[in-house]
């Protein structure tokens, strides 16, 4: 039985918000590239709204084919610098300070409701039923709880601040314009990871590593694994994509089978070495590039620059910890 | 080694090269995927379907789109200014100390599975960065632009580091389950997710110590950068 708030419901909600943004973008005379910007987000919206009807009518394969084409079209639009941003009028800092004084700490309530409802939903409501149906999708508790939390927070903002319940969508256009194409990079990297698996890239890395890596000392091979995890993560933007490749290539055949390492600390610290790479790469757009845009940093690599001096010492610590803990 | 052994790797230099030449990352990633797929012998049609399938399967990554309206409307009503004013009223607050407190809370919460309490859209932009900036501004009224930039970047960095190095301790988190599934797939029995989570703790503590130290250094750098404009408050 389907949940009241299921993953497809959340996708439809995302698609609906994106569709409203597309309409507003088309009407935005301050955006010099409003046509191509609207086309880009229109394609994304379609992939959230139309996947079910498309696969019902034309079949799953045709639906995937069309979505695949839309992804290539998105890449072309972004590659031709087709995404622009509008220049909305925004209240001055002075008038915002006045508003802040008027609304006071009530302003924090909707912002804090998002994490609060998400956590309560994930931890407390997973088993709860509404009219015999589960409230949240048991297979995807966090995402559906977050979807529910956003609806609750939006309603509370409307009640506390007045105005139109859809005012938020207009405001989110300003934020999405400033994030731009980087918003879609995580999803396209997930696609790339899928292609790499289908193409057997992991097998290639294994072959190459076993050939190139010297039959070195225990410490040297620990360092190769940790540094390899960080480097591959930097290219793929995601430690989860690097983990199976590097662990099957180096950790299993060499560190465990040859040197007798304990697997549990090996994989735990290996994954964290990948996370050190995540801190240092623009490919991890949602962690490093999106916040730079959201915070209006002049240096778009500002977040990465702030993280490198933590990531490098930590990577060295990881190599040492793995050497000490995996070979007790 | 044969050509077939290395052809599936062709996408990696394409990504690095595309980025080095400043091409748009979306275009580079898709081009790299297309070339890799074709080089590995997938047909154009198989490749299109694969791209579509994987894109649809990763749509939960776009959930942030739903958070934007709430934050946007709160900002329109002065949320950032309120956060700044609230922190400016706390005398002991400094930018570094606020980020230190947040780092401890964020990493601790992530370690018990409460990963969604933070995040760049819902926490860093509307609350954390304005609070840290507000604290610094209360101390140095003419805070330099370079200092502002440093504080904001460090706020985002602190959120990332707290979340990343706490989350792998929590045994029901995706990464731990991924590692567990990988080990079982490869014939290692008797290793529980709990063990993997426990072995994450030494790195988690090291990350906390290193970044707390760097935040303390940030406070000193702010004092240096804004020397001479410091207000004597007591």
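Residue numbers (our numbering), protein chains in the order written: chain A, 1 to 328; chain B, 1001 to 1234. Glycine is no exception: its CB is placed at the ideal position from the N, C-alpha and C atoms.
Under 7 Å Cβ to Cβ from residue i, same chain only, skipping five residues before and after it: list those, please.
{"i": "residue 122 of chain A", "result": "141, 142 and 145"}
{"i": "residue 189 of chain A", "result": "236, 237, 238 and 283"}
{"i": "residue 1011 of chain B", "result": "1032, 1033, 1035 and 1036"}
{"i": "residue 273 of chain A", "result": "226, 229, 230, 315 and 318"}
{"i": "residue 38 of chain A", "result": "22, 25 and 26"}
Let me see if you follow: with CB-CB separation under 8 Å, is residue i close to chain A or not?
{"i": "residue 1141 of chain B", "result": "no"}
{"i": "residue 1131 of chain B", "result": "no"}
{"i": "residue 1216 of chain B", "result": "no"}
{"i": "residue 1184 of chain B", "result": "no"}
{"i": "residue 1100 of chain B", "result": "no"}
{"i": "residue 1125 of chain B", "result": "yes"}
{"i": "residue 1188 of chain B", "result": "yes"}
{"i": "residue 1226 of chain B", "result": "no"}
{"i": "residue 1062 of chain B", "result": "yes"}
{"i": "residue 1233 of chain B", "result": "Unreliable positioning characterises residue 1233 of chain B in this predicted model, as indicated by a pLDDT of 46, which lies under 50. The coordinate reading is nonetheless provided below. Answer no: the Cβ-Cβ gap between residue 1233 of chain B and chain A never drops below 8 Å."}
{"i": "residue 1137 of chain B", "result": "no"}
{"i": "residue 1003 of chain B", "result": "no"}
{"i": "residue 1222 of chain B", "result": "no"}
{"i": "residue 1006 of chain B", "result": "yes"}
{"i": "residue 1014 of chain B", "result": "no"}
{"i": "residue 1108 of chain B", "result": "no"}
{"i": "residue 1207 of chain B", "result": "yes"}
Quick one: what's got a C-beta closer than 6 Å to residue i's C-beta in the same chain, skipping five residues either side?
{"i": "residue 1233 of chain B", "result": "Reliability of the predicted coordinates at residue 1233 of chain B is poor, the pLDDT of 46 falling under 50, and the value obtained from them is presented with this limitation in mind. Result list for residue 1233 of chain B: empty, nothing under 6 Å."}
{"i": "residue 303 of chain A", "result": "288, 291 and 292"}
{"i": "residue 16 of chain A", "result": "none"}
{"i": "residue 1191 of chain B", "result": "1183"}
{"i": "residue 4 of chain A", "result": "130, 133 and 135"}
{"i": "residue 1175 of chain B", "result": "1168"}
{"i": "residue 55 of chain A", "result": "63"}
Do residue i and residue j have their C-beta atoms closer together than 8 Å?
{"i": "residue 323 of chain A", "j": "residue 219 of chain A", "result": "yes"}
{"i": "residue 1177 of chain B", "j": "residue 1193 of chain B", "result": "yes"}
{"i": "residue 359 of chain A", "j": "residue 281 of chain A", "result": "Since the first residue of chain A shown is 1 and the last is 328, residue 359 of chain A is not available in this structure."}
{"i": "residue 114 of chain A", "j": "residue 167 of chain A", "result": "no"}
{"i": "residue 7 of chain A", "j": "residue 1152 of chain B", "result": "no"}
{"i": "residue 249 of chain A", "j": "residue 209 of chain A", "result": "yes"}
{"i": "residue 40 of chain A", "j": "residue 78 of chain A", "result": "yes"}
{"i": "residue 200 of chain A", "j": "residue 1040 of chain B", "result": "yes"}
{"i": "residue 1038 of chain B", "j": "residue 176 of chain A", "result": "no"}
{"i": "residue 1169 of chain B", "j": "residue 1200 of chain B", "result": "yes"}
{"i": "residue 1063 of chain B", "j": "residue 1122 of chain B", "result": "no"}
{"i": "residue 1131 of chain B", "j": "residue 1215 of chain B", "result": "no"}
{"i": "residue 1049 of chain B", "j": "residue 170 of chain A", "result": "no"}
{"i": "residue 44 of chain A", "j": "residue 271 of chain A", "result": "no"}
{"i": "residue 1136 of chain B", "j": "residue 1143 of chain B", "result": "yes"}
{"i": "residue 14 of chain A", "j": "residue 1066 of chain B", "result": "yes"}
In chain B, what lies closer than 9 Å to residue i by C-beta?
{"i": "residue 43 of chain A", "result": "Per Cβ cutoff of 9 Å: no residues; residue 43 of chain A is ~11 Å from chain B at best."}
{"i": "residue 195 of chain A", "result": "1011, 1032, 1033, 1034, 1036, 1037, 1040, 1042, 1047, 1050, 1051 and 1054"}
{"i": "residue 287 of chain A", "result": "1120, 1156, 1159, 1160, 1163 and 1164"}
{"i": "residue 178 of chain A", "result": "What residue 178 of chain A touches in chain B: nothing, since even the nearest Cβ is about 10 Å away."}
{"i": "residue 229 of chain A", "result": "Simply none; closest approach about 12 Å."}
Counting only beta-carbon separations shorter than 8 Å, does residue i have a partner in chain B?
{"i": "residue 103 of chain A", "result": "yes"}
{"i": "residue 85 of chain A", "result": "no"}
{"i": "residue 302 of chain A", "result": "yes"}
{"i": "residue 233 of chain A", "result": "no"}
{"i": "residue 204 of chain A", "result": "yes"}
{"i": "residue 53 of chain A", "result": "no"}
{"i": "residue 6 of chain A", "result": "no"}
Report the neighbours of residue i on chain B: residues whose CB is nearer than 7 Å to its CB, in chain order.
{"i": "residue 257 of chain A", "result": "Simply none; closest approach about 10 Å."}
{"i": "residue 188 of chain A", "result": "1026, 1029 and 1030"}
Can you pull the chain E residues whose beta carbon is under 9 Å from the beta carbon of residue i, in chain order?
{"i": "residue 277 of chain A", "result": "As a matter of chain content, chain E is missing from the structure shown, whose protein chains are A and B."}
Residues in its own chain within less than 8 Å of residue i by CB, not counting five upstream and five downstream?
{"i": "residue 1106 of chain B", "result": "1117, 1118, 1158, 1159, 1162, 1163 and 1166"}
{"i": "residue 165 of chain A", "result": "154, 155 and 158"}
{"i": "residue 1205 of chain B", "result": "none"}
I want to verify the contact list: residues of chain A whose CB lies under 8 Å from the CB of residue i, in sequence order.
{"i": "residue 1105 of chain B", "result": "Chain A residues near residue 1105 of chain B: none, gap ~11 Å exceeds 8 Å."}
{"i": "residue 1203 of chain B", "result": "268, 269, 272, 314, 317, 318 and 321"}
{"i": "residue 961 of chain B", "result": "Residue 961 of chain B is absent from the model: chain B starts at 1001 and stops at 1234."}
{"i": "residue 1019 of chain B", "result": "282 and 283"}
Please list, in chain order, the chain B residues whose beta carbon lies closer than 8 Å to that of residue i.
{"i": "residue 247 of chain A", "result": "1182"}
{"i": "residue 47 of chain A", "result": "1055, 1056 and 1059"}
For a contact defined as C-beta to C-beta under 7 Å, what are the partners of residue i on chain A?
{"i": "residue 1147 of chain B", "result": "By Cβ distance, chain A contributes nothing, its closest Cβ being about 13 Å from residue 1147 of chain B, past 7 Å."}
{"i": "residue 1210 of chain B", "result": "310, 313 and 314"}
{"i": "residue 1114 of chain B", "result": "119"}
List, in order along the chain, the chain A residues whose C-beta lies closer than 9 Å to that of residue i?
{"i": "residue 1022 of chain B", "result": "By Cβ distance, chain A contributes nothing, its closest Cβ being about 11 Å from residue 1022 of chain B, past 9 Å."}
- prompt: Counting pairs of beta carbons, one from the stretch 112-120 of chain A and one from the stretch 65-78 of chain A, are three or more of them closer than 8 Å?
  reply: Because the criterion of three Cβ pairs below 8 Å is not met, the stretch 112-120 of chain A and the stretch 65-78 of chain A do not touch.
message: With three or more C-beta pairs closer than 8 Å as the rule, is the stretch 85-98 of chain A touching the stretch 1055-1065 of chain B?
response: Counting Cβ pairs under 8 Å, fewer than three are found: no touch.
message: Would the stretch 181-197 of chain A count as touching the stretch 1018-1031 of chain B if we require 3 or more Cβ pairs under 8 Å?
response: Touching, yes.
task: Could you tell me whether the stretch 1219-1226 of chain B touches the stretch 1082-1100 of chain B, where touching means 3 or more Cβ pairs closer than 8 Å?
output: Using a C-beta cut-off of 8 Å, the stretch 1219-1226 of chain B makes contact with the stretch 1082-1100 of chain B, since at least three inter-stretch Cβ pairs fall below that distance.
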